Amino acid sequence: METKSNDLMFEIESNFLKQLFENLRKNFGNSKIASEYLKIPYATFHSYKNGYAFSVPEKTIKKIIQTGFVSEKDIKKQMLSKFHRKDQIKKSMDMGKKIRLEKLNKWKKEIPTLKEINRGSYLDFEKWFLAYKKLIDFGAREFNYVKSEKDYIEVSYTTHSNKIKKQFILKFPRRIIVNDEFLYFFGLWVGDKAGGKRFGIVNKEEKILSFTKRYLNKLYQKCETYLYIGNKERFPQYYRYDKVFVIKQKDNGISFSVHATNGILTSFFKYLESNLSEFLHSINKFHIFFAGLFDAEGNIFLEDSCFRWSCKDELLREIFKIHLKRLDLFRRDDGVNLITYNKEAFKGKILPYIIHPKKINNSNLIYYKKGELEGRFKIILELIENNPGITNRELAKALKKKKVYAQVGVLERLGYIYSENYPKQLNINKLDIIS
633 METKSNDLMF EIESNFLKQL FENLRKNFGN SKIASEYLKI PYATFHSYKN
683 GYAFSVPEKT IKKIIQTGFV SEKDIKKQML SKFHRKDQIK KSMDMGKKIR
733 LEKLNKWKKE IPTLKEINRG SYLDFEKWFL AYKKLIDFGA REFNYVKSEK
783 DYIEVSYTTH SNKIKKQFIL KFPRRIIVND EFLYFFGLWV GDKAGGKRFG
833 IVNKEEKILS FTKRYLNKLY QKCETYLYIG NKERFPQYYR YDKVFVIKQK
883 DNGISFSVHA TNGILTSFFK YLESNLSEFL HSINKFHIFF AGLFDAEGNI
933 FLEDSCFRWS CKDELLREIF KIHLKRLDLF RRDDGVNLIT YNKEAFKGKI
983 LPYIIHPKKI NNSNLIYYKK GELEGRFKII LELIENNPGI TNRELAKALK
1033 KKKVYAQVGV LERLGYIYSE NYPKQLNINK LDIIS
């Protein structure tokens, strides 16, 4: 029985093993003395003696043979198998993983389809949750109770992490109403979702942050607001926050995360996102989703009088294309932006629902020639005011740019400047817009 490994185990015939340990007890006088001689725990000795355990370490077998009560030959006759403890542990763990994976796959198949929870006017969150709960009700998380009230579900669960036990109580709406607010928020979330288990939005526009907080409250969520700020940025005063994270790698930049710590709601919205095309096909007012998405990831390019939805995710971009075409709001894809020039379609289907002040302002510049100009245009106007008759080339040189034709074209269309002669000489048409 010589081996270099010290984790070799021998499986012995049960009746023989029971009798062997009973004889050891008698010969040593009691189990305690026998277990001390064999250098095994007292409880382990009893497990062998009473037939609860059948695998014995090699070093214990050697100690037994040294007593002279049994020969190596007799033990070999009763040996059923031998194995290394670490291999057996790995085998058991692999088997456990396999069983767990099979259960998870079975439970995943039990998650209802979108069609099964989509009731038209609302989404049956409760039905989805009761199926999803099986996927997370094990391991470090243990559910204490799930209570269904009239309008909401209350859930209590306990987590165990690093020997720390924590209890959580969460609420969820039994039904999520599919109304204008939801559709706008869903689009906003797809574009600007918070990360990890934080269910909410990352943005810096006050109106969007306030809307998000109000909507999450309607879903029975307790919101927190985190500020992320560059290390040389001034702290903002326009919005209250609970925590601050200074980003040392960045000098400038500000964003807020308005969210609830709720991985379950995050999982539900990711489930909706994974069925996005089917969902958008199922509702009539799907254009409101794209209004929310525009407030998150959209921009207005005044130089070209176009509206753009930014999206780097190829799969989502293809889905967006399909449904923007249904709205007559897709002309081309430049690899990052989905672009439309259809001002009337945008005005009727998107503009009434967006709340981002800058995007509303720039839309008004296109539609009504009214609104606040961006700083880059004001700089050009100041140069023209101070240098009447300046040409495009002279203007570009003063601004240290190759050309400014597009920006000048915007100002001409809006009526702020006019040009005359050749090469074009630029003059101010309205002085009151420079501030």
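So the number in this note's numbering is just where the residue sits in the sequence shown, counting from 1, plus 632.
Note that beta-carbon positions come from the ideal geometry of N, C-alpha and C, so glycine has one too.
All values reported here derive from a predicted model rather than from experimental measurement.
Just to confirm, is the Cβ distance from Y852 to D874 under 8 Å? Contact flag unset, no.
Which listed residue (K1056, N849, R807 and K880) has its alpha carbon closest to that of N1024: Shortest Cα-Cα distance from N1024 to any of K1056, N849, R807 and K880 involves K1056.
Distance check for K1032 and I1016, CA to CA, integer angstroms please. Taking the straight line from one Cα to the other gives about 15 Å.
Which full runs of the alpha helix (DSSP H) of 4+ residues lie inside the stretch 905 to 938, going along the chain? Complete alpha helix (DSSP H) runs here, min 4: 908 to 914 and 919 to 929.
Let me know the secondary structure DSSP gives Q869 once reduced to three states. Note: Q869 maps to coil in three-state DSSP.
Would F921 and L815 qualify as a contact pair, given that the criterion is a beta-carbon distance under 8 Å? Between F921 and L815, the C-beta spacing is below 8 Å.
Going by the beta-carbon positions, is the gap between K691 and S663 smaller than 8 Å? Note that the C-beta distance between K691 and S663 is not below 8 Å.
What's the C-alpha gap between S1067 and I932? Because S1067 carries a pLDDT of 47, less than 50, the predicted location of this residue cannot be relied on, and the following value inherits that uncertainty. The C-alpha of I932 is placed about 22 Å away from the C-alpha of S1067.
Does DSSP put T893 in a helix, a strand or coil? DSSP, read as helix, strand or coil, puts T893 in strand.
Where the beta strand (DSSP E) containing N659 begins and where it ends: No beta strand (DSSP E) contains N659, which is instead part of the alpha helix (DSSP H) from S646 to F660.
Let me check understanding here. Comparing Cα to Cα, which of R773, R806, K782 and Q1039 lies closest to Y789? Nearest option by C-alpha distance: R773.
In three-state DSSP terms, what is E1004? Look at E1004 here: in three-state DSSP terms it is coil, with no helix or strand label.
Since N1059 and G1047 should fall inside the 8 Å C-beta cutoff, what is the C-beta to C-beta distance between them, to a whole number of angstroms? Contact flag wrong, Cβ pair sits at about 12 Å.
Residue span of the alpha helix (DSSP H) that contains Y985, given as start and end: Note, Y985: premise wrong, no alpha helix (DSSP H); not H, not E.
Looking at C-alpha atoms only, which residue of A928, K738 and S687 is the closest neighbour of S713? Among A928, K738 and S687, the Cα nearest to that of S713 is on S687.
Which residues DSSP lists as bridging H716, in chain order: DSSP, once it has assigned bridges, lists L640 as partnering H716.
For C792: DSSP bridge partner residues: Residue identity differs from the one stated: residue 792 is His in this sequence, not Cys. According to DSSP, H792 shares a beta bridge with K797.
Inter-stretch contact at 8 Å, needing at least 3 Cβ pairs: the stretch 801 to 817 / the stretch 882 to 898: Result yes; three or more Cβ-Cβ pairs closer than 8 Å.
Residue nearest to L1005 in terms of C-alpha spacing, selected from Q1039, E1026 and V702: Ranked by Cα distance from L1005, the options Q1039, E1026 and V702 are led by Q1039.
For the putative contact between W941 and E929, defined by C-beta atoms under 8 Å, what is the C-beta separation to the nearest angstrom? With a Cβ gap of about 6 Å, W941 and E929 count as contacting.
Determine which residues share a DSSP beta bridge with I696 and list them. Answer is none; I696 lacks a bridge partner.
Nearest residue (CA-CA) to L908, options F818, L970 and A923: Considering only alpha carbons, the answer is F818.
Sequence-distant residues of the same chain with beta carbon closer than 7 Å to I986, five excluded per side: Around I986: A923, F926, D927 and I992.
Spell out a yes or no on whether the stretch 822 to 834 and the stretch 877 to 891 are touching, meaning 3 or more CB-CB pairs, one atom from each, closer than 8 Å. Cβ pair count under 8 Å is three or more, so yes.
Between P797 and the rest of its own chain, which residues show a CB-CB distance below 8 Å, the 5 nearest in sequence each way excluded? The identity of residue 797 in the sequence shown is Lys, whereas the question assumes Pro. T790 and T791.
Going by C-alpha distance, which of I672, K944 and S646 is nearest G823? In terms of Cα proximity to G823, the closest of I672, K944 and S646 is K944.
Contact set for D960: own chain, Cβ-Cβ below 6 Å, skip 5 residues either direction: Cβ contact annotation for D960 (same chain, cutoff 6 Å, sequence separation greater than five): N974 and A977, in chain order.
Is DSSP giving S1067 helix, strand or coil here? The pLDDT assigned to S1067 is 47, lower than 50, so where the model puts this residue is not dependable, and the model offers no usable value.
For T635, which of helix, strand or coil comes out of DSSP? Low per-residue confidence applies at T635: pLDDT is 48, beneath 50, and the placement is therefore not dependable enough to give any value.
Among D883, K1029, K990 and I998, whose alpha-carbon lies nearest the alpha-carbon of E1044? E1044 has its Cα closest to that of I998, out of D883, K1029, K990 and I998.
Secondary structure at Q1039, three-state DSSP: helix, strand or coil? Of the three classes helix, strand and coil, the one that applies to Q1039 here is helix, per DSSP.
Is DSSP giving K782 helix, strand or coil here? Coil.
C-beta contact flag for E837 and H988 at 8 Å: A contact, by the Cβ cut-off of 8 Å.
Assign H913 to one of two classes, buried (16 or more other C-beta atoms within 10 Å of its C-beta) or exposed (fewer than that). Exposure of H913 is indicated by the presence of fewer than 16 other C-beta atoms within 10 angstroms of its C-beta.
Measuring only the C-alpha atoms, how far is L640 from F770? Computed Cα separation, rounded: 33 Å.
Hey, could you find the ends of the beta strand (DSSP E) W971 is sitting in? At residue 971 the sequence reads Ile, which differs from the Trp that was named. Residue range N969 to T972 is occupied by the beta strand (DSSP E) that includes I971.
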